[in-house]
Structures are given as structure tokens and as C-alpha cells.
Amino acid sequence: MAVATLALTRYYQYRKAKNLVMMALTIFATVVTLTPLFLVLGYLLYKGASSINLAFFTRLPAPVGEVGGGMANAIVGTFELVILAALMGVPVGVGAGIYLAEHRGTRFANAVRFAADVMMGVPSIVVGIFAYAVVVRPMGGFSAIAGAVALATIMIPLVTRTTEEMVLLVPHELREASLALGVSRWRTTLSVVARTAMGGIMTGVILATARIAGETAPLLFTAFGNHFWSTSLKGPIASLPVQVYTYAISPFADWQRQAWAGALVLTAIVLALELGVRAVTGGQAKAPR
Amino acid sequence: MADKILVHHLTAWFGAVRAVHDIDMNIQDNNITAIIGPSGCGKSTFVRCLNRMHEVIVGARAEGEVLLDGENIYATEVDPVQVRRRIGMVFQKPTPFPTMSIEDNVAAGLKLNGITLGRSEKDQVVERCLKQAALWEEVKDRLRAHGGSLSGGQQQRLCVARALAVEPEVLLMDEPCSALDPISTARIEELLLELKANYTIVIVTHNMQQAARTADMTAFLYAGDLIEFGETRQIFTNPTRRETEDYITGRFG
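Here the protein sequences come in this chain order: R and H. Counting in our numbering, the first sequence runs from 1 upward without gaps. Counting in our numbering, the second sequence runs from 290 upward without gaps.
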């Protein structure tokens, strides 16, 4: 009896030790994962915060050689581009996602899903080339529209796939309950299935918006960038990522400081969108019931 | 009593699997018909064929005739959506629409069918149906609360109210009490007996006492075949078929 008890205790201690080791490893992995995030945020704050002032948000870029100025046009431009892209991309993406979920297993749906997956893997610079070819060339110049098309192209597959996942989470019983009330198929899809998945779909849309807000490459030869005020859809338009890129590779110390500030503001916008999602969904990207 | 539904040679398939085989049955008006049988015998599939819900499942199809007041609901020119408005259904699992309040759940069938109700009309429909479903007293002070906030038994009665709001003639119930406790089950059974005055009810159940307590007619299905169909009292006290007797006495298999 005594031997059995002893063996049990030893085994218990072994289990406890194993638990401790594994716990330590997991904590270490978490720290390793989070360190770059906090380093980036901290360094951005350190380098960028000092250059942020009212002028940064209200003034246009200063001419070369002149100190000061701001990125007001780029901030507005980024919002314009993102909103335009969302207007183009969200309806297409949500519609395609609902289609994929509701017509699972058909050959066309499989083809669309495959295309969306491939599109997600396409490098963003290639998306920029695509928008250049289909919008910039025919229109004869860089434009906000071209930039928005590029961003929407990135957004569509993201929104499509998250929408599909969210719609699939809606229990089949709800769909049947609606059909059994004599409600037509399309009305069931729209008013019961999609509406139930709406929280999840919105989460996907906001996350996709946050993703495209920070894209630089697809804008380089579509929206191009602009040192002056422009909100015209048909003209080149400034955007934060491109402005940050241009300023960061410039030889002027003042521009480089402003690039840090721009990067900080851009990060803040993206972070705000993602925190917004967490606030709306109550701490996690909650699946619909 | 008149026959509300006549079933002729009904056979139902899931892909290549035959779930229901050549069933003939008559379901009488203002009556409760119970369908009993072991799991997988085709009870659910059979009732789902009665309002064309079977074909909603990919690969599922049905052959034969189901006459509702003499009209074949499987005729080519018949719209299954119209059939389902006349033959409502309540499922095993309570399924209130999670995005809607209690009152919106009740009115959902009307609203989603494009029928717009004024405020007072809606209030009337909601009150009438909730009263018919014996839920009104429990929820009248919180009609704007979410349907999901109710207990399981209340949710199931909410689903009954929702089905009644579109004013069907027949109510199909697919094991409506299997997820409920005995008290909620008793409420639903009382409700069935009240609804019988105005509706034709078909109830699928695993619970033989439930069939004995509520049903006027009982059908025993086994392996997709209709083994025996008759008055409930006769089925339970003096079954003509050996399989029926074995099943109701628990000697089955």
C-alpha cells in the first residue's frame, strides 16, 4: 500500500514538472510572438510621436527644402481610397461569399472558391499591375479610381471567404425553419441566413478594410500619390502608405521624420479598426449562433 | 371525418438510399396523427415529404402522390413555397430566429412572405398566435426580448406560434418534444389537443406514451415501410401485426 502511494506521488510530481515545462515553453512562445509587435509599436511611437502636431493633420506637404508641412492630403486620400474600394469590394465579396455558402458543392461554386483562394495569394504588386492594365491605361493616367480598383481586388477574396465561413456557421435548421414557413429561397438566404451571419460578415469586412488601408505596392502605379490637394476620382491621389514610402526613401531629414509620423498615424488607423471589431463583437470575432 | 391529406405510393430517396417505401396513408381533418417507429425508420422523411421539405436536402427526392384537399402537391405546376404556407412545420430543435425579437419571430412568416402589417395588426397577430401556442402569459411583458432568451420549452412554443401565424391548415411536428423536459412536453401536448380543433396535426414521436396520450390515429413505420396504421387505441391495445406489438411492448430487435 505504501509503495503504491509512493509511486503515485512520484508520478504526480513528474506530471507537475511536465506541466511546468510545457507552460514555460508556451509562455516563451507567446512572448516571442508578441515582442515584434510591441517593438514595432514602441519604435513607431518613439520615432513618430514627436513629429505629430496639428500641422501634420491639417497642412499639405511642404515643398522640398522647406521644413514643416503635413500629410492632410494623404490622410484624406487614404480614407477616400479605402471607402471607394470598400464600396466596390464589399458588395461583390459579400455576394460571392453568400453564393459560395448557399451553393456548396456545385462546380461553379468550387471554381469561384478556387479563384478566390488564388487571388488571395497573388502578390499585391501584381494586383497593382492588373489595375494599371485595366484602369490606368484605358483612362490615360493615374487616378483614385485605379487605386480603389486595386485595393478592391485585394479586398474581394478576403471578404468572400470570411463571408462564406460565417454563412456556413448559420445552423441548417434556421434555413429549414424559414423555408417551412413558406418563405422563398432567396428571401430565406437574405433575411434569415445572411442576417444571422451579419455580425461575422461585418467583422470580416472591417478586417479586410484594415488590411487594404495599409497596402502600398498596389497604389504605387495606380493612385500614384500627389503632393497637392486632390479628392478627384480621376486624378492621382495621395495616400498615407505611398506618402510614407516616398518620404522614407527621401534624403531629407524632415521628410524622414514625417514618414515616421505618417507610419504611426497609419498604424493607429488600422489598430483602431481592429480594436473596433473587438469592441463590437465583445472581445472576440464571435461566430453567429 | 374527411381526409385532409391522402398519400399514394409515396417513396422517398436520399441519393441512392431509399428512406421511405411505397406508403399509402390518409390523414384526417381536425385529427392528430402520430407516426412512431425506431430511429432511422423514415418517420421524419415521411412527414417532410408532406410539405415538400424533403427535397430541400441535396440529392433528396420523392415519388408518388400527396393530395392536399384532393390536389397533388407534387404536380409539376405546384410551387413548393405555396405548399409550405398551407402545411406548416415545427422541428425537433427549437429554432427561433436569433436576430429577431419574440414578436418579430411570430410575425416572421408573414413579413418574409412580403405581407406588411400595421402596428395594431401585428400586435393582434402576435397576441393571437402566442395565445394559441400557450405562451402569451409568459412573454407578454417582454415581446421585444430576443427569442433566444426563452427556455427550450418556451422557444418550441414560440416556433409553434410562428408556424401558426401564417395560418396553415396542417401542422407537421417532427419530434417537437424530444429536446424538452417532461413539464414542457406536457405543455406542448396540451397545446396539440387544443390546436386539434382548428388544425390537422401530424406528429412524429419517439415517445410511445406521447402518441398514446395525444393521437387519434397512429402509424407504425419500420425500415421505411408502413407496417400498421389505425386508431391509436387499437394500435396500442390490439395491434394486428407482430412487429407493431413487439415495438410497442419494447421487445423489438
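From the three backbone atoms N, C-alpha and C, an ideal C-beta is built for every residue, glycine too. In this text, all values refer to a predicted model and were calculated from it rather than measured experimentally.
Open item on the list: Determine, for A397 (chain H), whether the minimum Cβ-Cβ distance to residues of chain R falls below 9 Å.
Closed with: Working through the second sequence from its first residue, we reach residue 397 (chain H) at position 108. The Cβ of A397 (chain H) sits closer than 9 Å to at least one Cβ of chain R.
TODO: For H55 (chain R), I'd like the list of residues in its chain whose CB is within less than 8 Å of its CB, leaving aside the five on either flank, ordered along the chain.
DONE: Residue 55 (chain R) sits at position 55 when you count from the first residue of the first sequence. Correcting the residue type first, residue 55 (chain R) is Ala in the shown sequence and not His. Contacts found: G68, G69, G70.
Open item on the list: With distance defined between alpha-carbon atoms, name the residue in H:E366, H:F386, H:T533 nearest to G436 (chain H).
Closed with: Numbered from its first residue, the second sequence carries residue 436 (chain H) at position 147. It is H:F386 whose Cα lies nearest to the Cα of G436 (chain H).
TODO: Measure the Cβ-Cβ separation of L181 (chain R) and R374 (chain H) and say whether it is below 9 Å.
DONE: What you label residue 181 (chain R) is simply residue 181 of the first sequence in a count that begins at 1. What you label residue 374 (chain H) is simply residue 85 of the second sequence in a count that begins at 1. Closer than 9 Å, so yes.
- [ ] Could you confirm whether any beta carbon from chain H is found closer than 9 Å to the beta carbon of L151 (chain R)?
- [x] Counting from 1 along the first sequence, the entry for residue 151 (chain R) is found at position 151. Judged by the 9 Å Cβ criterion, L151 (chain R) is not in contact with chain H.
Task: Where M120 (chain R) falls, given that 16 or more other Cβ within 10 Å makes a residue buried - done: Position 120 of the first sequence, counted from the first residue, corresponds to residue 120 (chain R). Counting C-beta atoms within 10 angstroms of its own C-beta, M120 (chain R) has fewer than 16 neighbours from the protein chains shown and is therefore classed as exposed.
TODO: Using a Cβ cut-off of 9 Å (strictly closer), state whether A452 (chain H) contacts chain R.
DONE: As a working mapping, residue 452 (chain H) is identified with position 163 in the second sequence. By this cut-off, A452 (chain H) is an interface position.
TODO: Report the rounded CA-to-CA distance for L299 (chain H) versus H495 (chain H), giving the unit in angstroms.
DONE: Taking the first residue of the second sequence as 1, we reach residue 299 (chain H) at position 10. Taking the first residue of the second sequence as 1, we reach residue 495 (chain H) at position 206. L299 (chain H) and H495 (chain H) have their alpha carbons spaced roughly 22 Å apart.
- [ ] For R137 (chain R), decide whether its Cβ has a neighbour in chain H, counting only Cβ atoms nearer than 9 Å.
- [x] Taking the first sequence and counting its residues from 1, one reaches residue 137 (chain R) at position 137. Cβ-Cβ to chain H under 9 Å: no for R137 (chain R).
Task: Test: E173 (chain R) CB closer than 9 Å to a CB of chain H - done: Position 173 of the first sequence holds residue 173 (chain R). Yes, contact with chain H.
Task: Cβ-based burial, T78 (chain R) [other Cβ within 10 Å; buried from 16] - done: As a first step, residue 78 (chain R) is located in the first sequence; it is residue number 78 there, counting from the start. Classification for T78 (chain R): buried.
TODO: Kindly indicate which three-state DSSP category T384 (chain H) falls into: helix, strand or coil?
DONE: For the purposes of this step, residue 384 (chain H) is identified with residue 95 of the second sequence, where counting begins at 1. Looking at T384 (chain H) - three-state DSSP - the assignment turns out to be coil, as it is neither helix nor strand.
Open item on the list: Against chain H, with Cβ distances strictly below 9 Å, would M166 (chain R) count as a contact?
Closed with: As a first step, residue 166 (chain R) is located in the first sequence; it is residue number 166 there, counting from the start. Answer no: the Cβ-Cβ gap between M166 (chain R) and chain H never drops below 9 Å.
TODO: Count the other C-beta atoms from every protein chain shown that fall within 10 angstroms of the C-beta of A544 (chain H), then say buried if there are 16 or more, exposed otherwise.
DONE: Absent from the structure is residue 544 (chain H), since the part of chain H shown begins at 290 and ends at 542.
- [ ] Could you tell me which residues DSSP puts in a beta bridge with V309 (chain H)?
- [x] For this step, residue 309 (chain H) is matched to residue 20 along the second sequence. Answer is H:A301, bridged to V309 (chain H).
TODO: List the endpoints of the continuous alpha helix (DSSP H) containing A144 (chain R).
DONE: Start at 1 with the first residue of the first sequence, and residue 144 (chain R) comes out as number 144. 144–168 is the span of the alpha helix (DSSP H), which, as asked, contains A144 (chain R).
Task: Q444 (chain H) burial status per 10 Å Cβ neighbour count (16 or more: buried) - done: Here residue 444 (chain H) is taken as the residue at index 155 of the second sequence, counted from 1. Flag for Q444 (chain H) reads buried.
- [ ] Could you check if I237 (chain R) is buried or exposed, using at least 16 other CB atoms within 10 Å of its CB as the buried criterion?
- [x] What you label residue 237 (chain R) is simply residue 237 of the first sequence in a count that begins at 1. Taking every protein chain shown into account, the CB of I237 (chain R) has 16 or more other CB atoms within 10 angstroms, so this residue is buried.
- [ ] Kindly list the residues whose CB is nearer than 6 Å to the CB of V234 (chain H), restricted to its own chain and excluding five residues on each side of it in sequence; keep chain order.
- [x] Nothing can be reported for residue 234 (chain H): it is not among the residues displayed for chain H, which extend from 290 to 542.
Open item on the list: Counting only C-beta atoms, is T489 (chain H) closer than 9 Å to chain R at any point?
Closed with: Mapped onto the second sequence, residue 489 (chain H) falls at position 200. No, T489 (chain H) lies away from the interface with chain R (no Cβ there is under 9 Å from its Cβ).
TODO: Flag G204 (chain R) as yes if its beta-carbon sits less than 9 Å from any beta-carbon of chain H, otherwise no.
DONE: By one-based count along the first sequence, residue 204 (chain R) stands at place 204. No, G204 (chain R) lies away from the interface with chain H (no Cβ there is under 9 Å from its Cβ).
- [ ] May I ask you to verify whether the region 345–358 of chain H touches the region 423–432 of chain H, counting CB pairs closer than 8 Å and requiring at least 3?
- [x] Verdict: no, contact absent.
TODO: Pull up the DSSP beta-bridge partners for R350 (chain H), would you.
DONE: Taking the second sequence and counting its residues from 1, the one referred to as residue 350 (chain H) is at position 61. DSSP lists H:W302 as partners of R350 (chain H).
Task: Distance, S239 (chain R) Cα to I75 (chain R) Cα - done: In the first sequence, residue 75 (chain R) corresponds to position 75, counting from 1. In the first sequence, residue 239 (chain R) corresponds to position 239, counting from 1. Each residue's Cα considered, the two are about 6 Å apart.
Open item on the list: Tell me whether the region 151–166 of chain R and the region 87–104 of chain R touch, counting them as touching only if at least three CB pairs, one residue from each stretch, are closer than 8 Å.
Closed with: Enough Cβ pairs lie closer than 8 Å, so yes.
- [ ] Enumerate, from N- to C-terminal direction, the unbroken alpha helix (DSSP H) stretches of 4 or more residues contained entirely within the region 156–233 of chain R.
- [x] Here the runs fully enclosed are 172–180, 198–213, 217–220.
TODO: Would you check if the region 403–421 of chain H and the region 212–225 of chain R touch, i.e. whether three or more CB-CB distances between them fall below 8 Å?
DONE: Touching, no.
TODO: Report the neighbours of Q371 (chain H) on chain R: residues whose CB is nearer than 9 Å to its CB, in chain order.
DONE: By 1-based counting over the second sequence, the position of residue 371 (chain H) is 82. Chain R residues near Q371 (chain H): G182.
Task: Secondary structure of N315 (chain H), DSSP reduced to three states - done: Stepping through the second sequence from its first residue, residue 315 (chain H) is reached at position 26. Of the three classes helix, strand and coil, the one that applies to N315 (chain H) here is strand, per DSSP.
Task: Buried or exposed (CB count within 10 angstroms, at least 16 for buried), E478 (chain H) - done: Translated into the one-based positions of the second sequence, residue 478 (chain H) becomes position 189. E478 (chain H) is buried by the Cβ-count criterion.
Open item on the list: Just to make sure I have the definition right: I need the residues of chain R whose C-beta is within less than 8 Å of the C-beta of N598 (chain H). Which are they?
Closed with: Examination of residue 598 (chain H) is not possible in this model, given that chain H is present from 290 through 542 alone.
- [ ] Mark I154 (chain R) as exposed unless 16 or more other C-beta atoms lie within 10 angstroms of its C-beta, in which case mark it buried.
- [x] Counted from its first residue, the first sequence places residue 154 (chain R) at position 154. Residue burial annotation: I154 (chain R) is buried, with at least 16 other C-beta atoms found within 10 angstroms of its C-beta.
- [ ] Give a yes or no on contact between the region 511–524 of chain H and the region 327–336 of chain H, applying the rule of three or more CB pairs nearer than 8 Å.
- [x] Verdict: yes, contact present.
- [ ] Give me the Cα-Cα distance between A253 (chain R) and V127 (chain R), rounded to the nearest whole angstrom.
- [x] In the first sequence, counting from the first residue as 1, residue 253 (chain R) sits at position 253. In the first sequence, counting from the first residue as 1, residue 127 (chain R) sits at position 127. Cα-Cα distance, rounded: 32 Å.
Task: chain R contacts from the region 374–388 of chain H (Cβ-Cβ distance under 7 Å) - done: Answer in chain order: R374, G377, M378, F380, K382, T384, F386, P387, T388.
Task: Proximal residues of chain H, C-beta to C-beta of E176 (chain R) below 7 Å - done: The residue labelled residue 176 (chain R) in the question sits at position 176 within the first sequence. Neighbours of E176 (chain R) on chain H, chain order: M342, V345, F380.
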